[in-house]
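Protein chains in written order, with this note's numbering: chain A, 1 to 309; chain B, 1 to 332; chain C, 1 to 389. C-beta: ideal position from N, C-alpha, C; glycine also.
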Amino acid sequence: MGSEVVSAVSPTRQAFRRVRRDRSARLGAVLVVVLVLIAIAAPLLAKLEGQDPYTYNIGLLDPLRGNAPRGAVGGLSGDHWFGIEPLTGRDLFAIAVLGLRTSLFIAIVVTLVTTVVGTLVGISAAYFGGWYDAVVSRLLDFLFGFPSLLFMIALGIIVPAGFPRWLLLIIVLSVFGWAGLARLIRNQARSLVEREFVEAARSSGSSGWHIVTRELLPNLLGPVLVIATMAVPGIIGAEAGLSFLGVGVPPPTPSLGRSISDSIVWVYTGADPWFLAFPGAMLFLAVLGFTLLGDGVRDAFDVRLRRTH
Amino acid sequence: MPDLVWFVIRRLLATVLVMLALSLAVYLIFYALPADPARLGCGKPCTPDRLEQARHFMQLDQSTMQQYLQFLKGIVAGRTFGEGAAAVQCNAPCFGYSFPLARPVTTLILSRLPITASIAIGAAVLWLIAGVSLGLGAALRRGRLFDRFAVGFALVGVASPSFLVGLLAILVFGFWLNMVPVNGYVPLTDSPVDWAWHLVLPWVVLAALNAASYIRLTRAQMLEELNLDHITTARAKGAGEGRVVLLHGLRGVLVPIVTIFGLDLGGLLGGAILTEKVFSMQGLGELLISSVGQLDVAVVVGVTLFSAFLVILANLVVDVLHGVLDPRVGHA
Amino acid sequence: MPEPRKTPSETPVLEVHDLHVTFRTEGGLVPAVDGIDFAVAPGQTLAIVGESGSGKSVSSAAVMGLLPSNADVKGEVLLDGRELTKLTAEELRKVRGNEVALVFQDALSALNPYYSVGWQVAEAYRLHHDVSKKEANARAVRMLDLVGIPSAAQRARAYPHEFSGGMRQRVVIAMALVNDPKVLIADEPTTALDVTVQAQIIQLLEDVQTEFGTALVLISHDLGVVAEVADDVLVMYAGRAAEQGSVKDIFYRAAHPYSLGLLGAMPRVDVPPKHRLTTIPGSPPSPGSIETGCPFQPRCAYTERVGERCITERPLLTPRPGEGNHEAACHLGRRPEIAQEVARTGIQENAAPEGAPLQQSAAQESAPLEHSAAKAEGPLQPSAEESAL
Ligand SMILES: Nc1ncnc2c1ncn2[C@@H]1O[C@H](COP(=O)(O)OP(=O)(O)OP(=O)(O)O)[C@@H](O)[C@H]1O
Ligand code: SF4
Ligand SMILES: [Mg+2]
């Protein structure tokens, strides 16, 4: 009942409407937009503050307290909006916003790469089936069996220092990240391929390319969008984890994960727990925002992502 | 259940193949990299002569393929490095020999495994219980205060990187409240109480974070399940609410829960890297990281393969359970 | 047309008086059932018919106390004189499946995929009898055998997905009958099945009813089946009774334009295929959307003969000529001259006049017609096709 009212609107439109109505999805979308804007404008913001993430401010440190920042809240002041890093006195606001920029840049590039590769492989496996599907499925099994985090750490240390780290991170996260998306997209595409209209297009002599681009892709747009959005928080977390373990982007490029790792000793000793606060909050908000948005998009498109084999 | 037996045999064979492919890949990648374990092992000053000697001793002078075959042979039959009095014996199953640590990799793995396993299994039990019961409660009280609390908690948990929460927990419970030890490991055999006491913080942190995704999964699946017709059938038969929820509702949610539980536990057993680092525990993950730092390739390869083996094994167990738990799947 | 099996005077086992079900939804209150009455006696069959959404399933769920928590139920549901709506949860649990049992439309989704069918039938028994598992299993196998599952002892160990649709529905019926209930409510038990299997299941229901003396409430879209097995019929429209009476009252002396429409929508053997399926134009109102006047008014072909009252005054059930309790909710009946005129003109085209009964038998009739499971709802759906009404 009432279907005549909504049928005029495309399912994608409907889905976006639903996202806008869902309160937590809206919160997620706002968070994501704000954080992305911050990341884009990070150098400007740092300039606005009048700081950069590289300059040492030894004078602001207290040598008697192991070079922790002088003053309350980790040296927070009108000059240093998030306080300063202990030991070096570098500006934490600049580090946090530029670190966010690094995180989001890597996460978004990896999401794009894995989504494109995952979609191509997933759709082709579902469409062609047979031995090709079998080979792809085994390859995916292989990649799932791969202890990717261990491997990334090992690579991160062994690969020569001359190789750009951000590129290595993108490559490594992509190589191990596309398999999950490919499997989900394959399963979604598989259930489409088994539906009549694809069969009908096939028997009416449409070319494979036509079926894939005209029948499968448009119908998979929703699921792919959902799967991609839901993958982002995991990638942000993985990148931060690698940086935390010391195999992320090298210093002095700001990185949230590395700052959090650096803060361990200051947290342990209780000398400057504030060092953890801002990079930690930044990372948390980024993951939270994309998680909320991902949930909202999933609910709106009503996509069921089953872990099936 | 002969179907099941065949299924396991077939999958085990496939597992062996995947492991072979994996080990070859790992071997090729690590030995192709420009890190030379021999140079590290040859001491200072390192004359070309001594380097050559070290190479030969470590059997690094052979081709990569030969080395790989030696490695495989070592797993089955063990191997010996060097000759005579200086010879180093590595008994089967030999997953390589760490010259910097002067120990077979197998021994190293076995010495670290109890720590990682203590962390992983304890936390897994906690998060399974907490996650499923909170998720179940949330589904049954949908929209009420309890549900909102559980959903909110789950969201924060899913969005929180484990190392971040681990650090906060250390800060709050270890330093500010001074309630629990923040690091160190006491073997279970020494003192079960101290063992558990030292593991409380990592357990709770890991469990709280992992429980989050189990809450979400259980809640979502349970809501779907409770809407199914056969639940109404159970009520119409005269089943009480407890029976309806547990025997008919939760039963249907078991398969997805068992699936991720198996995979999560398998993955964690291979090294709780971040947790071990945050809580300074000398587990498998720590072994791997420190070996990478030392360019101790033999250990890196060994631990990597061991972890992969656990993940693949977990997949196998999950698939078997899947067929056992869902009569529609079967193993034919 | 079958003869009534028992005299209608027998005391009913299940009585429903002035049942109202209102759903509290985001969009406001939805009065899905708005005051219906019915009764059924042991060994008797009451059929409830009506278009999709008219409140048939909600009524049966209300009897069992199976509605979701956002439903408000008012009215009386008396089982052997006991008020079911006032029972505690535990008392109600003891009634469900024991004294009143349900058979659902889709047996595949009604059965739990994770348990063997034998287990599920045995569970229904054990929930109401303090017996060992072994005894319950033996009982389950006997029931499965009784409903016609071949080699029941062996098949009891199989899972629902290993059965055909018809066999699954037999399992559901076995499960419903295992406690020998006084009342069996079957909610479209054959809609999901092939025509030939439909006839078998209806036959099975009739057989077990004769054997156990169960009172049967049969919810159905298939008027052919209704004509064959029902003693009484309740025609529902938009949550209310449009008409009710004995099966003869409804099939020979239908007084409500909606009943006539349904009968016109029924496939007929004696009409050429092209004209067999007529439909009622328009679609039923969503519950509660029509507050004054007759809910059928927008679709009714007779409304202009009655005039204003159809729009301003809600028609109440009033007695009509017939076997006894024949009632219809239509203003038309108050003006006999119009009713007679209607009987002479419009109705003939759709409903068979008295003395020329419809040749209705599910087995002989439905097979050659397009009235298959997939189309079961078809005839009642709105369509642009011109109605004979
Ligand atoms: N849980 C609910 N919440 C709100 N409205 C409901 C709910 N369940 C049923 N309804 C409404 O009650 C009305 C009657 O539904 P019901 O299922 O009884 O129809 P029916 O006569 O059995 O139809 P069908 O022939 O399709 O089975 C419908 O309009 C439906 O939208
Ligand atoms: S009351 Fe009027 S509108 Fe309603 S059914 Fe009778 S004639 Fe039609
Ligand atoms: Mg219904």
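Q) Taking 9 Å as the CB-CB limit, is B:Lys237 close to chain A? A) What you label residue 237 of chain B is simply residue 237 of the second sequence in a count that begins at 1. Chain A, which has no Cβ nearer than 9 Å to the Cβ of B:Lys237, makes this no.
Q. How many Å lie between A:Val265 and A:Pro223 at the Cα?
A. What you label residue 265 of chain A is simply residue 265 of the first sequence in a count that begins at 1. What you label residue 223 of chain A is simply residue 223 of the first sequence in a count that begins at 1. Distance from the CA atom of A:Val265 to the CA atom of A:Pro223, rounded to whole angstroms, is 43 Å.
(Q) Distance check for A:Gln188 and C:Glu211, CA to CA, integer angstroms please. (A) As a position in the third sequence, residue 211 of chain C is number 211, starting the count at 1. As a position in the first sequence, residue 188 of chain A is number 188, starting the count at 1. Spanning the two alpha carbons is a distance of roughly 50 Å.
Q: Within the same chain, show all residues whose beta-carbon is closer than 6 Å to that of C:Glu15, passing over the 5 residues directly before and after it, in chain order.
A: Taking the first residue of the third sequence as position 1, residue 15 of chain C is located at position 15. The answer, listed in chain order, is Ala39, Leu78.
Q: Determine the burial state of C:Asn137: buried for a count of at least 16 other Cβ atoms within 10 Å of its Cβ, exposed for fewer.
A: Here residue 137 of chain C is taken as the residue at index 137 of the third sequence, counted from 1. Buried: at least 16 other Cβ atoms inside 10 Å.
Q) Which one of A:Gly59, A:Met230, A:Asp262, A:Ser255 has the shortest CA to CA distance from A:Leu283? A) Here residue 283 of chain A is taken as the residue at index 283 of the first sequence, counted from 1. Of the listed residues, the one whose Cα sits closest to A:Leu283 is A:Ser255.
Q.
Given this structure, state the Cα-to-Cα distance separating A:Val232 from A:Val110, to the nearest angstrom.
A. One-based indexing of the first sequence puts residue 232 of chain A at position 232. One-based indexing of the first sequence puts residue 110 of chain A at position 110. Whole-angstrom Cα-Cα distance: 9 Å.
Q) Taking any heavy atom of ligand 2 as the mark, which residues have a C-beta closer than 5 Å to it, listed down the chain? A) C:Pro257, C:Cys294, C:Phe296, C:Gln297, C:Cys300, C:Tyr302, C:Thr303, C:Val306, C:Cys310, C:Pro315, C:Cys330, C:His331, C:Leu332
Q. Hey, C:Ala156 and C:Ser109 are a contact pair by Cβ (cut 8 Å); roughly how many whole angstroms apart?
A. Position 156 of the third sequence, counted from the start, is the residue given in the question as residue 156 of chain C. Position 109 of the third sequence, counted from the start, is the residue given in the question as residue 109 of chain C. With 8 Å as the limit, C:Ala156 and C:Ser109 do not qualify as a contact, their Cβ atoms being about 20 Å apart.
**Q.** Beta carbon of C:Asp18 nearer than 9 Å to that of C:Gly75
**A.** By one-based count along the third sequence, residue 18 of chain C stands at place 18. By one-based count along the third sequence, residue 75 of chain C stands at place 75. Yes, the Cβ-Cβ distance between C:Asp18 and C:Gly75 is below 9 Å.
**Q.** Cα-Cα separation between A:Glu194 and A:Phe128, rounded to whole angstroms
**A.** Within the first sequence, residue 194 of chain A is the residue found at index 194, counting from 1. Within the first sequence, residue 128 of chain A is the residue found at index 128, counting from 1. Cα to Cα, the separation comes out at about 12 Å.
**Q.** Proximal chain B residues relative to A:Val267, where beta-carbon distance stays under 9 Å
**A.** Stepping through the first sequence from its first residue, residue 267 of chain A is reached at position 267. The answer, in chain order, is Leu167, Leu168, Ile170, Leu171, Phe175.
Q: To the nearest angstrom, report how far apart B:Ala196 and B:Gly240 are at their CA atoms.
A: Here the question's residue 196 of chain B lines up with position 196 in the second sequence. Here the question's residue 240 of chain B lines up with position 240 in the second sequence. Cα to Cα, B:Ala196 sits roughly 39 Å from B:Gly240.
**Q.** Whole-angstrom distance between A:Ala228 and C:Val195, CA atom to CA atom
**A.** Working through the third sequence from its first residue, we reach residue 195 of chain C at position 195. Working through the first sequence from its first residue, we reach residue 228 of chain A at position 228. C:Val195 and A:Ala228: Cα-Cα distance of roughly 46 Å.
Q. Do you know whose CA, among B:Gln282, B:Trp6, B:Phe30, lies nearest A:Met152's CA?
A. On the first sequence, position 152 is the one that residue 152 of chain A refers to. Considering only alpha carbons, the answer is B:Phe30.
Q: Give the DSSP-derived three-state secondary structure of C:Arg344 in the structure shown.
A: Counting from one through the third sequence, the residue named residue 344 of chain C turns up at place 344. Caution applies to C:Arg344, whose pLDDT of 45 falls short of 50 and renders its modelled position unreliable; the value that the coordinates give is listed next. Of the three classes helix, strand and coil, the one that applies to C:Arg344 here is helix, per DSSP.
(Q) ligand 1 and C:Val30: does the residue's C-beta get closer than 8 Å to at least one heavy atom of that ligand? (A) Sequence index remark: in the third sequence, residue 30 of chain C carries index 30 (1-based). Residue side-chain check: C:Val30 places its Cβ nearer than 8 Å to a non-hydrogen atom of ligand 1.
(Q) On the CB-based measure, 16 or more other CB atoms within 10 Å of its CB, does B:Arg112 come out buried or exposed? (A) On the second sequence, position 112 is the one that residue 112 of chain B refers to. The residue in question, B:Arg112, is buried, as its Cβ has 16 or more Cβ neighbours within 10 Å.
Q) Listed from N- to C-terminal order along the chain, which residues in the region 233-259 of chain A have their beta-carbon within a distance smaller than 9 Å of any beta-carbon of chain B? A) Pro233, Ile236, Gly237, Ala240, Gly241, Phe244, Leu245, Gly246, Val247, Gly257
(Q) Is C:Thr25 a contact residue of ligand 1, with contact defined as CB to any heavy atom under 8 Å? (A) The residue given as residue 25 of chain C occupies position 25 in the third sequence. Indeed, a heavy atom of ligand 1 lies less than 8 Å from the Cβ.
Q | Which of helix, strand or coil DSSP assigns to B:Cys90 | A | Residue numbering aside, residue 90 of chain B sits at position 90 when the second sequence is read from its first letter. Of the three classes helix, strand and coil, the one that applies to B:Cys90 here is strand, per DSSP.
Q.
If I measure Cβ to Cβ from C:Gly166 and keep anything under 6 Å in the same chain, skipping five residues before and after, which residues do I get?
A. By one-based count along the third sequence, residue 166 of chain C stands at place 166. The beta carbon of C:Gly166 sits closer than 6 Å to those of Leu193, Val197, all from its chain and outside the five residues before and after it, given in chain order.
Q. Within 10 angstroms of its Cβ, does C:Val342 collect 16 or more other Cβ (buried), or is it exposed?
A. As a first step, residue 342 of chain C must be located in the third sequence, where it is residue number 342. Only weak support exists for where C:Val342 lies, its pLDDT of 49 falling under 50; the value from the coordinates is given anyway. Its Cβ being crowded by 16 or more others within 10 Å, C:Val342 is buried.
Q: Rounded to whole angstroms, what's the CA-CA distance from C:Leu263 to C:Ala158? Just pull it up for me.
A: Stepping through the third sequence from its first residue, residue 263 of chain C is reached at position 263. Stepping through the third sequence from its first residue, residue 158 of chain C is reached at position 158. The alpha-carbon atoms of C:Leu263 and C:Ala158 are separated by roughly 42 Å.
Q) Quick one: does C:Glu90 have its CB under 9 Å from some CB of chain B? A) Taking the first residue of the third sequence as 1, we reach residue 90 of chain C at position 90. Cβ-Cβ to chain B under 9 Å: yes for C:Glu90.
(Q) Taking only three categories from DSSP, how would you classify B:Leu375? (A) Only positions 1 to 332 of chain B appear in the structure, and residue 375 of chain B is not among them; the question remains open.
Q) Is the beta carbon of A:Gly99 sitting closer than 9 Å to the one on A:Ala277? A) If you number the first sequence from 1, residue 99 of chain A lands on position 99. If you number the first sequence from 1, residue 277 of chain A lands on position 277. No, the pair does not count as a contact, with Cβ atoms beyond the cut-off.
Q: Would you mind listing the beta strand (DSSP E) stretches within the region 275-305 of chain B that are 3+ residues and don't spill past its ends, in chain order?
A: Qualifying beta strand (DSSP E) stretches: none in this window.
Q.
I want to check one thing, is the minimum distance from the CB of C:Glu51 to the heavy atoms of ligand 3 below 8 Å?
A. Here residue 51 of chain C is taken as the residue at index 51 of the third sequence, counted from 1. The answer is no for C:Glu51.
Q. Can you tell me whether B:Ser162 is buried or exposed, with buried defined as 16 or more other CB within 10 angstroms of its CB?
A. Residue 162 of chain B sits at position 162 when you count from the first residue of the second sequence. By the neighbour-count rule (16 or more Cβ atoms within 10 Å), B:Ser162 is buried.
Q. Going along the region 111-134 of chain C in order, which residues come within less than 9 Å of chain B, judged by CB to CB distance?
A. Leu111, Asn112, Pro113, Tyr114, Tyr115, Ser116, Gln120, Glu123, Ala124, Leu127, His128
**Q.** Pick from C:Thr22, C:Asn112, C:Leu46, C:Leu234 that is closest to C:Ala215, judged by C-alpha positions
**A.** Residue numbering aside, residue 215 of chain C sits at position 215 when the third sequence is read from its first letter. Distance from the Cα of C:Ala215 is smallest, within the candidate group C:Thr22, C:Asn112, C:Leu46, C:Leu234, for C:Leu46.
(Q) DSSP three-state label for C:Gln244, please. (A) Counted from its first residue, the third sequence places residue 244 of chain C at position 244. Note: C:Gln244 maps to strand in three-state DSSP.
Q.
In the DSSP assignment, the beta strand (DSSP E) including B:Lys237 goes from what residue to what residue?
A. As a first step, residue 237 of chain B is located in the second sequence; it is residue number 237 there, counting from the start. Per DSSP, B:Lys237 belongs to no beta strand (DSSP E); it is in the alpha helix (DSSP H), 229-237.
Q) Can you find a heavy atom of ligand 1 that lies under 8 Å from the Cβ of C:Lys94? A) Translated into positions along the third sequence, residue 94 of chain C becomes position 94. C:Lys94: no, Cβ never under 8 Å from ligand 1.
Q) Between which two residues does the beta strand (DSSP E) carrying C:Ala101 extend? A) Position 101 of the third sequence, counted from the start, is the residue given in the question as residue 101 of chain C. Segment 100-103, the beta strand (DSSP E) holding C:Ala101.
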